[in-house]
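In what follows, a structure is listed as structure tokens, so that the remarks can point back to it.
Chains as they are written, first to last, in my numbering: chain A, 989 to 1102; chain B, 7 to 121.
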């Protein structure tokens, strides 16, 4: 299957700090998505990116679709305790293909200290 | 709308026992998916379905079977559970109309332990 390399695996930061995480792939993806999973819950979509070079924001979150289409970045500014969770990147090879199938990174576990 | 629901939430099985996990969605989505999540492994696709009566294998299908007899339900079966199937199982669904193919909506998960 497709391999998405997500880093870092975990982060421990203080409230108010900014966070950056990224995802790379050996394949070209046409869509990149970022999900967040709270403890004991299913993943919830944060941001979806559809074009190479696209920069999209959702509140304090900003994500970018890499120009090579093989990577994506997620930044969280001024972190707060409720940002705690696991963040997953996901990619789709061709839009509308493979029946909506997504390939997931292994996740970044974020811990925010007050 | 309840979205995607999963039953049961927790289950403990002995090796060799069988069970069925139920996923239900009330969003009229055509496509449904079963994933397993293991520590440090992310989400891996087990099986998926593109519509009532059709299923296909994902990345890690061995030891599992699925059925989609009704559009709103997707069942995941373990015929003879093994300790390696201890995991958290997530169901997801999506539709062409859900902002394109991409946004999959996830259920809350089923935590399964096989002793």
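Cβ atoms here follow ideal geometry from the backbone N, Cα and C, with glycine treated the same way.
Inset, instruction - Residues of the segment 62-91 of chain B with a CB closer than 7 angstroms to any CB of chain A: list them in chain order, please. - result: 65
Inset, instruction - Evaluate contact between the segment 1070-1081 of chain A and the segment 1090-1098 of chain A, counting only Cβ atoms and requiring at least three cross-stretch pairs below 8 angstroms. - result: yes
Inset, instruction - To the nearest angstrom, report how far apart residue 990 (chain A) and residue 1081 (chain A) are at their CA atoms. - result: 9 angstroms
Legend entry - Cβ neighbours of residue 998 (chain A) in the same chain (closer than 6 angstroms, five flanking residues each side left out): 1097
Legend entry - Reference residue 1060 (chain A); option with closest CA among A:1026, A:1031, A:1071 and A:1044: A:1044
Inset, instruction - Determine whether the Cβ of residue 59 (chain B) lies closer than 8 angstroms to any Cβ atom of chain A. - result: no
Inset, instruction - Starting from residue 54 (chain B), follow the beta strand (DSSP E) in both directions and report where the run begins and ends. - result: 48-57
Legend entry - Cβ-based burial, residue 119 (chain B) [other Cβ within 10 Å; buried from 16]: exposed
Legend entry - C-beta contact flag for residue 99 (chain B) and residue 38 (chain B) at 8 angstroms: yes
Legend entry - Pairwise C-alpha distance: residue 994 (chain A) and residue 1002 (chain A): 22 angstroms
Inset, instruction - Could you run through the segment 1014-1029 of chain A and flag, in chain order, every residue whose CB is less than 7 angstroms away from some CB of chain B? - result: 1019, 1021 and 1029
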